[in-house]
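Asker: Per the UniProt record's numbering, the sequence shown runs over residues 1 to 283. The C-beta atom is built at its ideal place from N, Cα and C for all residues, glycine as well. Just so it is clear, the structure is predicted and the values come from calculations on it, not from any experiment.
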Amino acid sequence: MSTIPLKLICAPASGPREMDSCLRKAQFHVDLWCYFTLQNWLLDFGRTLAMIFCPLPWFPLNKPRAGDYFHMLYNITTPFLLLKLIERSPKTLPRSAVYLCIITFVMGASVHLVGESINHRLLLSGYQLTIYSYYCVYQDFEFTFYFQCVPLFLILFLYFTGCFSIVQAEQTMPISAWLLLTPSGLYYWYLVTEGQIFIPFIFTFFAMMATVVHQKHRGFVPDGNGLFLLYSFSLSLVLVTVWVACLWNDQVLRRKYPGVMYIPEPWAVYTLHLRDKQVPLAD
Numbered sequence: 001m002s003t004i005p006l007k008l009i010c011a012p013a014s015g016p017r018e019m020d021s022c023l024r025k026a027q028f029h030v031d032l033w034c035y036f037t038l039q040n041w042l043l044d045f046g047r048t049l050a051m052i053f054c055p056l057p058w059f060p061l062n063k064p065r066a067g068d069y070f071h072m073l074y075n076i077t078t079p080f081l082l083l084k085l086i087e088r089s090p091k092t093l094p095r096s097a098v099y100l101c102i103i104t105f106v107m108g109a110s111v112h113l114v115g116e117s118i119n120h121r122l123l124l125s126g127y128q129l130t131i132y133s134y135y136c137v138y139q140d141f142e143f144t145f146y147f148q149c150v151p152l153f154l155i156l157f158l159y160f161t162g163c164f165s166i167v168q169a170e171q172t173m174p175i176s177a178w179l180l181l182t183p184s185g186l187y188y189w190y191l192v193t194e195g196q197i198f199i200p201f202i203f204t205f206f207a208m209m210a211t212v213v214h215q216k217h218r219g220f221v222p223d224g225n226g227l228f229l230l231y232s233f234s235l236s237l238v239l240v241t242v243w244v245a246c247l248w249n250d251q252v253l254r255r256k257y258p259g260v261m262y263i264p265e266p267w268a269v270y271t272l273h274l275r276d277k278q279v280p281l282a283d
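This is the structure:
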């Protein structure tokens, strides 16, 4: 029995450019994914730790706080890494959509920086928010975080659509990808819970799964980069489910999050349950 040439497998479903990209052996971008995961933890999650542990006299209210500097660096490094990631995509992505998402991300991240900085200064100035008023203020500033995270998820999804190869050249995740999977999944869990962005996250995850099914019918499967991104979102979804299940019967958090979408923030769990227990130990 004669075998069908490999080029004929890709030719009917795609053009010459896409055929060359699917035949090319996709390498896992360990440098970019490592930088991306590291800067997410240091600059995004790290700014929360900086606001907790940095002494207040070091950063007067009329000056940027430690968390503000972390946020500024995050707003600079994240668009740069996203652009580098798009440049390495095997598939040519629409430039106008990518640039529009990058601009919207920078705008949303900047507005979120201002809103979060004002909120913290109100608290440090002695303005105590009740549970009800906090929820109202959160609803007012919620759209700023959506402006930041929706473009981020959209860019990651656009990149994911180009991370497919033919079945005969099926890719697997290298050891470096498995080592980065846990910190990457944990960060997306933190982003979803702390930012209260479960809806755009789950829509992005479903879009990824639908893309996998669609591409599988065409004879394509995710390469190492696509599998890493898909597994990271899958792990974070499992962690969010476990997180909600563990705090399902917490009446204090139920009062703070009265809506249908009950996903407590890690910062709220810390302030309501852990911070008060650390005060007697310090005394």
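Could you check whether the region 187–196 touches the region 214–222, counting it as contact only if at least three pairs of C-beta atoms, one from each stretch, sit closer than 8 Å?
Answerer: Flag = no, the region 187–196 and the region 214–222 do not touch.
Asker: What do you get for ASN249, buried or exposed, if any count of 16 or more other CB atoms within 10 angstroms of its CB means buried?
Answerer: Answer is exposed; the Cβ neighbour count stays below 16.
Asker: Please work out which residues of its chain come closer than 6 Å, Cβ to Cβ, to LEU154, disregarding the five sequence neighbours upstream and downstream, and give them in chain order.
Answerer: Excluding positions up to five away in sequence, the list reads CYS101.
Asker: Looking only at C-alpha atoms, which of PRO266, ALA109, ILE166 sits nearest to PHE147?
Answerer: Nearest of PRO266, ALA109, ILE166 to PHE147, Cα basis: ALA109.
Asker: Mind checking which residues open and close the beta strand (DSSP E) that includes SER165?
Answerer: Start and end: 164–166.
Asker: Got a sec? Which residues, its chain only, sit under 8 Å from ARG88 by beta carbon, not counting five neighbours each side?
Answerer: Once the five neighbours on either side are set aside, the close Cβ partners of ARG88 are HIS29, LEU32.
Asker: Excluding sequence positions up to five away, which residues of its chain have a Cβ less than 8 Å from the Cβ of THR271?
Answerer: There are no such residues.
Asker: Does the region 72–80 come within contact of the region 90–98, defined as at least 3 CB pairs closer than 8 Å?
Answerer: Contact between the region 72–80 and the region 90–98 is absent, because fewer than three Cβ pairs lie under 8 Å.
Asker: Report yes or no: do three or more beta-carbon pairs, one from the region 227–239 and one from the region 149–165, lie closer than 8 Å?
Answerer: Judged by Cβ distances under 8 Å, the region 227–239 makes contact with the region 149–165, as three or more pairs qualify.
Asker: What does the Cβ neighbour count give for ILE175, buried or exposed, with the cut at 16 atoms within 10 Å?
Answerer: It is exposed - the Cβ of ILE175 has fewer than 16 other Cβ atoms within 10 Å.
Asker: Express the C-alpha separation of ALA66 and LEU158 in angstroms, rounding to a whole number.
Answerer: Approximately 33 Å between the Cα atoms of the pair.
Asker: If you drop the 5 nearest sequence neighbours on each side, which residues of the same chain put their C-beta closer than 7 Å to that of ARG47?
Answerer: Result list for ARG47: GLY67, PHE70, HIS71, in chain order.
Asker: From the DSSP output, in three-state form, read off PHE220 for me.
Answerer: Strand.
Asker: Sorted by chain position, which residues of the same chain lie with C-beta nearer than 8 Å to THR193's C-beta, five sequence neighbours on each side aside?
Answerer: Correct list, in chain order: VAL240, TRP243, ILE263, PRO264, GLU265, PRO266.
Asker: List the whole-angstrom C-beta distance separating THR144 from VAL106, where the pair is believed to meet the contact cut-off of C-beta under 8 Å.
Answerer: THR144 to VAL106, Cβ: 13 Å. No contact.
Asker: Does the distance from the C-beta atom of PHE198 to that of PHE233 stay below 8 Å?
Answerer: No. Outside cutoff.
Asker: What residue range does the alpha helix (DSSP H) around ASN75 cover?
Answerer: Note, ASN75: alpha helix (DSSP H), 66–87.
Asker: Rounded to a whole number of angstroms, what is the C-alpha to C-alpha distance between MET208 and LEU152?
Answerer: Computed Cα separation, rounded: 14 Å.
Asker: Considering only residues of the same chain and omitting the five flanking positions on each side of VAL150, which have a CB-CB separation below 7 Å?
Answerer: Only PRO200 meet the Cβ criterion.
Asker: Got a sec, what are the start and stop residues for the alpha helix (DSSP H) ILE52 sits in?
Answerer: 46–53 is the extent of the alpha helix (DSSP H) around ILE52.
Asker: Hey, could you find the ends of the alpha helix (DSSP H) ASP250 is sitting in?
Answerer: Element bounds for ASP250: n/a, residue is neither H nor E.
Asker: Would you say PRO222 and THR37 are within 8 Å of each other, going by their C-beta atoms?
Answerer: In this structure, THR37 does not lie closer than 8 Å to PRO222 by Cβ.
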